[in-house]
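Report on the following structure.
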Amino acid sequence: MSIKNIQRTHWTGAWRWALALSTVGVLAACGGGGGSASAGDGSLRVALTDAPSCYQHVYVTVQKVRVNQSSTAGDQDGGWADLTLATPQRIDLVNLRNGVLQELGTMPLAAGHYTQLRLVLGDSATTAMANSVQPNGGAETALDTPSAMQSGLKLQANFDVTAGQMADLVLDFDACKSIVKAGNSGKYLLKPVIAVVPRLVSGLTGYVSTTLSLGSTTVAAQQNGATVRSTSPDANGFFSIPYLQPGTYSVVVTSDGHATAVVNSVPVGTATTAVNGTATAIATPVSAMGDITGAVTATSSTSSGTTTAPVTDATVSALQTLTGGTTIDVVNQPVDGTLGTYTLHVPVGAPVTATFPTGTATLSFTADTAVAGKYTVKAQAPNRAAQQKPATVTSGTPASVNFSY
């Protein structure tokens, strides 16, 4: 069995296989494949996890997971196999960080190649606060959800099920990117960003100093200037980034009021790599912070002239290219879901960098003063070409970077 071309990353490494067929707290009600196991069946196990969240609480109510071998199958078409939870689970995504999983269950599944997966959530219109967000220090607010919610959130997935074996998937729900503020209305929109990844045994662990503001600290495993997976440390500074494809990563640590720390050339094999221990916990220098603000808009021609409207499905990133050529993603976020505006909060001070040590050596950081406060802002939106513009950040005065299509 193999899982290939999974959303955002192509996975071809070590697999964690289980040979037992079981159901864990679920009823498998399947159409077009599933139900009770039969000769030639395999199985599918699904769990939910979350990247760092920008909110105090983010609740989603999961009803079922649907899979189909046809990438074009509609909700009423045949071929669906449903993993239906016996009781819908209202899950706080904030609790699913640092490798914590919420198991959704296991079901028998006909052997074959599957190209469509849907996550079906509860409807806040019929069940109060089925899906909701509580901003830090604010009140819990119901999420405005996509109109297609009832048929499920369509996710990119591409996996094989082999007779007698288990396909083991994790749905990585990025709550910070999925919850979008809607202007000054006080409302929040759910625009799900969910990666489907295999439950690999390889990953990264390590420690950041508890002198950092742990509530605002993020640790990311990055390749080529893009975050593959990220997390936030626990109260002891411990972080865990599991389910990584074997390869080489940059570990990027960001924390409000502190410079960025980067550990380059961290290898991940078929087991977990320890970046450091408690005695060498990463403590980044104190730094002033600055803001990059702007908006993403699009101009179109009409019979009466031209009109400019916000691009509300864009994502913006503050990238930094280090001396030596490595590019890191310091912060990224969706634009406002109504206004198309954004604010990126970034360090003014120089990032500190180290190379993953070999043997008994420990991490040794050096300030990269040549790139202090220098960023490249990148805007991306579906069906539009990515745009990049430079920005130099100082404390006290925001840098303004606007994008127009």
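Quick note on numbering: the sequence shown equals residues 657 to 1061 in this note's numbering.
Built from N, CA and C at the ideal position, the CB exists for glycine as well.
When Glu796, Asp738, Tyr899, Thr818 are compared against Thr857, the one with the closest alpha-carbon: A small correction: the amino acid at residue 857 is Val; Thr does not occupy that position in the sequence shown. Comparing C-alpha distances from Val857 to each of Glu796, Asp738, Tyr899, Thr818 shows the shortest one belongs to Tyr899.
Pairwise C-alpha distance: Phe1012 and Asn920: 6 Å
Enclosing beta strand (DSSP E) for Ala798 [first to last residue]: 797 to 800
Closest Cα partner of Leu978 within the set Ser1020, Ile747, Val817, Val918: Measuring C-alpha to C-alpha distances from Leu978 to each of Ser1020, Ile747, Val817, Val918 identifies Val918 as the nearest.
Whole-angstrom C-beta distance between Leu752 and Gln745, which should lie under 8 Å: Their Cβ separation, rounded to whole angstroms, is 12 Å, which puts Gln745 and Leu752 out of contact at 8 Å.
Residue nearest to Asp1076 in terms of C-alpha spacing, selected from Val884, Ala1010, Gly993: The structure shown does not extend to residue 1076, since the chain is modelled only from 657 through 1061, so no value can be given for it.
Ala838 versus Gln901 - alpha carbon distance: 36 Å
For Leu846, three-class secondary structure by DSSP: strand
Classification of Gly993 by the beta-carbon crowding that lies within 10 angstroms, buried from 16 upward: Gly993 is classed as buried because its beta carbon has at least 16 other beta carbons within 10 Å across all chains shown.
Own chain, CB closer than 7 Å to Ser834, minus 5 neighbours either side, in chain order: Leu846, Lys847, Pro848, Val849
Cβ contact (3+ pairs, closer than 8 Å) linking the region 715 to 723 and the region 777 to 797: yes
Under 8 Å between C-beta atoms of Arg774 and Leu811: Taking 8 Å as the Cβ cut-off, Arg774 and Leu811 qualify as a contacting pair.
Identity of the residue in Pro708, Ala766, Ser1060 nearest Gly755 by Cα: Pro708
Own chain, CB closer than 7 Å to Ala965, minus 5 neighbours either side, in chain order: Thr953, Ala954
Beta-carbon separation (whole angstroms), His1001 vs Asp947, contact threshold 8 Å: 6 Å
Coil, strand or helix - Gln772 by DSSP: strand
Contacts around Thr1025, its chain only, beta-carbon distance under 8 Å, and the 5 residues preceding and following it disregarded: Ala1006
3 or more residues per run - each beta strand (DSSP E) lying fully within the region 838 to 914: Entirely contained in the region 838 to 914, the beta strand (DSSP E) runs reaching 3 residues are, in chain order, 843 to 846, 850 to 854, 859 to 863, 874 to 879, 882 to 887, 894 to 898, 903 to 910.
Residues bridged to Pro1003 [DSSP beta-bridge criterion]: Met945
Rounded distance between the beta-carbons of Ala767 and Ala819, thought under 8 Å: 5 Å
Same chain, Cβ closer than 6 Å to Phe894, neighbours up to 5 away in sequence not counted: Tyr863
Closest Cα partner of Thr740 within the set Ser943, Thr771, Val702: Val702
Whole-angstrom C-beta distance between Thr873 and Ser911, which should lie under 8 Å: Right, their Cβ atoms sit about 4 Å apart.
Environment of Lys720 [buried if 16+ CB atoms lie within 10 Å]: buried
For Ser973, the first and last residue of its enclosing beta strand (DSSP E): 971 to 977
Cβ-Cβ distance between Gly859 and Val924 below 8 Å: At a Cβ-Cβ threshold of 8 Å, Gly859 and Val924 count as neighbours.
Simplified DSSP assignment, three categories, for Leu675: Because Leu675 sits at a pLDDT of 28, beneath the cut-off of 50, its placement in the model cannot be relied upon, and the following sentence gives the value as read from the coordinates. Note: Leu675 maps to coil in three-state DSSP.
Proximal residues to Gly688 (C-beta, below 6 Å), its chain only, five neighbours per side dropped: Because Gly688 sits at a pLDDT of 39, beneath the cut-off of 50, its placement in the model cannot be relied upon, and the following sentence gives the value as read from the coordinates. The residues are Gly734, Gly735, Trp736.
Closest Cα partner of Ala944 within the set Leu825, Gly698, Gly1029: Minimum Cα distance to Ala944 is reached at Gly1029.
Helix, strand or coil at Ala831 [DSSP, three-state]: helix
Reference Val853; option with closest CA among Gly778, Leu749, Phe829: Phe829
Nearest residue (CA-CA) to Gly778, options Leu799, Gly794, Gly761, Met763: Minimum Cα distance to Gly778 is reached at Leu799.
Contiguous beta strand (DSSP E) assignments of at least 3 residues, all confined to the region 723 to 756: 737 to 748
Proximity of Gln1043 and Phe1021 at Cβ, strictly below 8 Å: no
First and last residue of the uninterrupted beta strand (DSSP E) at Leu760: 758 to 766
Closer than 8 Å to chain D by CB, Thr743: Here there is only one protein chain, and chain D is not present.
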